[in-house]
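>
Number of protein chains: 2
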Amino acid sequence: MPDTKRPPRSTQLKEEIAAYKRRRILEEATDLFFIQGYDCATLDAVAERLDVTKPFIYSYYKNKGDLLREVCQTGIRLSLFALEGALVIEGTATEQLKAVVERVARIIIENQRYISVYLREEKNLDPKDARAIREMRHHFDELLSDLLEKGKKAGEFDIADPSRTAIWVSGLLSWIALWYREGGHWSATEVVMDAINMVMKMVLPGNAAHG
Amino acid sequence: MPDTKRPPRSTQLKEEIAAYKRRRILEEATDLFFIQGYDCATLDAVAERLDVTKPFIYSYYKNKGDLLREVCQTGIRLSLFALEGALVIEGTATEQLKAVVERVARIIIENQRYISVYLREEKNLDPKDARAIREMRHHFDELLSDLLEKGKKAGEFDIADPSRTAIWVSGLLSWIALWYREGGHWSATEVVMDAINMVMKMVLPGNAAHG
DNA sequence: TTAAAAATATACTGGCCAGTATCCATAGAT
DNA sequence: ATCTATGGATACTGGCCAGTATATTTTTAA
Chain A
1 MPDTKRPPRS TQLKEEIAAY KRRRILEEAT DLFFIQGYDC ATLDAVAERL
51 DVTKPFIYSY YKNKGDLLRE VCQTGIRLSL FALEGALVIE GTATEQLKAV
101 VERVARIIIE NQRYISVYLR EEKNLDPKDA RAIREMRHHF DELLSDLLEK
151 GKKAGEFDIA DPSRTAIWVS GLLSWIALWY REGGHWSATE VVMDAINMVM
201 KMVLPGNAAH G
Chain B
1001 MPDTKRPPRS TQLKEEIAAY KRRRILEEAT DLFFIQGYDC ATLDAVAERL
1051 DVTKPFIYSY YKNKGDLLRE VCQTGIRLSL FALEGALVIE GTATEQLKAV
1101 VERVARIIIE NQRYISVYLR EEKNLDPKDA RAIREMRHHF DELLSDLLEK
1151 GKKAGEFDIA DPSRTAIWVS GLLSWIALWY REGGHWSATE VVMDAINMVM
1201 KMVLPGNAAH G
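Protein chains in written order, with the working numbering: chain A, 1 to 211; chain B, 1001 to 1211.
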């Protein structure tokens, strides 16, 4: 069998290297977008951080907007994976929700730059990209909503409208990306634990007077 | 008594008109910053909305950054006034906190553009302005923290660390500005009521298992 | 060892926009 | 009715930066 279909011997490694370069560009771009904002960050500056020149970037990304899309997509994708990863663990809704908040909060802190850029620069996205990304975010909120619904049906959670509560939980988590500062007053672990406690208080039954 | 100190007859009205013009410029600029982002919004576009030209703006504001500063300052000032206004009402910490969340949430929804621009464009501020504004925000969080402390001491609130809880409450409120959409799924009133319920659940004693 | 191709750099352009120098019109004052 | 001051418009500039045409180096293939 001739290997006409198989690519040349060295392609495998080359592709890995190309992927690595793409990733490095993305990292530095994210960093700069996070620090300076998307519009103020120039591609020349991104290139300089990598000790390359601007055309180098253009041979790995179509244009600046393409780079922003990837930053945002990475951020939302990481959050979504963390959520899905927590959901596969069996357990009560309460246990699952705790796991979800813990994992997602951790991922958000670890990848703060991606998510924070997404939240702040969403409106600089190409409309088509923006739609795709909002879709993913919507999916995130729906999975959360389903979990809350499940907990409500099981009598574990005391909430009126799961889909609305999901928005608040999702907001609380997003807020971490905007507010948390590495080396600030509170450690990552403290923030994660706080987040878990706050969310559980929001959904578990309490004595809170309604109305 | 000679009226040497009193300005010329027409000055009073003139100043009112000048103030009005400043306000209108601010409104349109805020709108555009909100829709397009600070960097993408051009002063020519702001001028066009007012049916004037760019130099008109420059005779009321030093430059584009000065305009951004005023937008952000307005946003944070409105929130702070709402908070202080609620605090003067006598009552238990619980009653006061409900009033605070209600008023601040309402103000945030009504003046969403200012606050949302502040949250998203903070890093475009001149460092000096940024510091002054952070100061106000810090004051906001402190007043909130004091209220939570008071409620904790009175045995009304079940919270570990008032200043940390204040951050979460403050974050929940800020999130409204970023997330709320007029004419969206939920009405302003629903959002305000939700915010009150969420915050009260976060601070009032419940059965939530800790740890 | 060399030719072809792939990867990266150099050097440029074109548009956009903040900010400004200058000109014009309108409204009080006399 | 004319002078003057003020408020605003016209028309420009200078810098910055995304994006690109072209040159150069490096790698691969034979």
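Even for Gly, the Cβ is constructed at its ideal location relative to N, Cα and C. Predicted, not measured: the structure shown is a model, and the values here were computed from it.
What does residue 1075 (chain B) pair with, by DSSP beta-bridge criteria?
Taking the second sequence and counting its residues from 1, the one referred to as residue 1075 (chain B) is at position 75. According to DSSP, which records beta bridges pairwise, residue 1075 (chain B) is partnered with nothing at all.
> Please name the residue, chosen from A:100, A:141, A:131 and A:180, that lies closest to residue 162 (chain A) on a Cα-to-Cα basis.
Counting from one through the first sequence, the residue named residue 162 (chain A) turns up at place 162. It is A:141.
> Using three-state DSSP, classify residue 118 (chain A) as helix, strand or coil.
Within the first sequence, the letter at position 118 stands for residue 118 (chain A). The answer is helix: DSSP assigns residue 118 (chain A) an H, G or I state.
> Within a Cβ cutoff of 8 Å, which residues of the same chain sit near residue 206 (chain A), ignoring the five residues on either side of it in sequence?
On the first sequence, residue 206 (chain A) is found 206 positions in, with the first residue counted as 1. Contacts found: 158.
> Report the residue from A:51, A:149 and A:69 whose alpha carbon sits nearest the alpha carbon of residue 133 (chain A).
Residue mapping note: residue 133 (chain A) aligns to position 133 of the first sequence, counting from 1. Selected option, being the one with the closest Cα: A:69.
> Just how far apart, CA to CA, sit residue 1078 (chain B) and residue 191 (chain A)?
The residue given as residue 1078 (chain B) occupies position 78 in the second sequence. The residue given as residue 191 (chain A) occupies position 191 in the first sequence. Looking at the two C-alpha atoms, the distance is approximately 28 Å.
> Give the interface partners of residue 1120 (chain B) over in chain A, defined as CB-CB distance under 7 Å, in chain order.
To locate residue 1120 (chain B), count along the second sequence from 1; it is residue 120. By Cβ distance, chain A contributes 120.
> Please name the residues in the stretch 1135–1158 of chain B whose beta-carbon is closer than 8 Å to at least one beta-carbon of chain A, in chain order.
Result list empty, no residue passes.
> Note down, in chain order, every chain B residue with its Cβ under 9 Å from the Cβ of residue 39 (chain A).
Locating residue 39 (chain A) in the first sequence gives position 39, where the first residue counts as 1. Neighbours of residue 39 (chain A) on chain B, chain order: 1037, 1038, 1039, 1040 and 1124.
> Can you name, in chain order, every residue of its own chain whose Cβ lies under 6 Å from the Cβ of residue 1101 (chain B), other than the five neighbours on each side?
As a working mapping, residue 1101 (chain B) is identified with position 101 in the second sequence. Answer for residue 1101 (chain B): 1195, 1196 and 1199, listed in chain order.
> Would you kindly work out how many angstroms separate the C-alpha atoms of residue 193 (chain A) and residue 139 (chain A), rounded to a whole number?
For this step, residue 193 (chain A) is matched to residue 193 along the first sequence. For this step, residue 139 (chain A) is matched to residue 139 along the first sequence. Their backbone Cα atoms lie some 25 Å apart in a straight line.
> Quick check: the stretch 1120–1127 of chain B against the stretch 1049–1069 of chain B, are there 3 or more CB pairs under 8 Å?
Output reads yes: the stretch 1049–1069 of chain B touches the stretch 1120–1127 of chain B.
> Note down the Cα distance separating residue 2 (chain A) from residue 53 (chain A), rounded to an integer number of angstroms.
Translated into positions along the first sequence, residue 2 (chain A) becomes position 2. Translated into positions along the first sequence, residue 53 (chain A) becomes position 53. Because residue 2 (chain A) carries a pLDDT of 37, less than 50, the predicted location of this residue cannot be relied on, and the following value inherits that uncertainty. The straight-line gap from Cα to Cα measures roughly 41 Å.
> Quick check on the DSSP output: what are the complete alpha helix (DSSP H) runs of length 4 or more inside the stretch 1146–1205 of chain B, in order along the chain?
Taking only runs of at least 4 residues, the alpha helix (DSSP H) segments lying wholly in the stretch 1146–1205 of chain B are 1162–1179 and 1188–1203.
> Three-state secondary structure (DSSP) at residue 64 (chain A)?
As a working mapping, residue 64 (chain A) is identified with position 64 in the first sequence. Three-state DSSP puts residue 64 (chain A) in a helix.
> Can you pull the chain B neighbours of residue 85 (chain A), defined as C-beta to C-beta under 9 Å?
Counted from its first residue, the first sequence places residue 85 (chain A) at position 85. None at all; the shortest Cβ gap to chain B is about 22 Å.
> Starting from the C-beta of residue 135 (chain A), find all residues in its chain whose C-beta is less than 6 Å away, skip the five residues before and the five after it, and write them out in chain order.
Counting from 1 along the first sequence, the entry for residue 135 (chain A) is found at position 135. Cβ neighbours of residue 135 (chain A) beyond the five flanking positions: none.
> For residue 29 (chain A), which residues in the same chain have their Cβ closer than 6 Å to its Cβ, ignoring the five residues on either side in sequence?
In the first sequence, counting from the first residue as 1, residue 29 (chain A) sits at position 29. Closer than 6 Å at the Cβ level, and outside the excluded window around residue 29 (chain A), lie 46 and 67.
> Any beta carbon from chain A within less than 9 Å of residue 1079 (chain B)'s own beta carbon?
By 1-based counting over the second sequence, the position of residue 1079 (chain B) is 79. No, residue 1079 (chain B) does not count as interfacial toward chain A.
> Is DSSP giving residue 38 (chain A) helix, strand or coil here?
Position 38 of the first sequence, counting from 1, holds the residue named residue 38 (chain A). Coil.
> List the residues of chain A that residue 1228 (chain B) touches, going by C-beta distances under 7 Å, in chain order.
Because residue 1228 (chain B) is not part of the residues shown, which for chain B are 1001 to 1211, the question remains open.
> Could you give the DSSP three-state label for residue 125 (chain A): helix, strand or coil?
Residue mapping note: residue 125 (chain A) aligns to position 125 of the first sequence, counting from 1. Residue 125 (chain A): coil per DSSP, three-state reduction.
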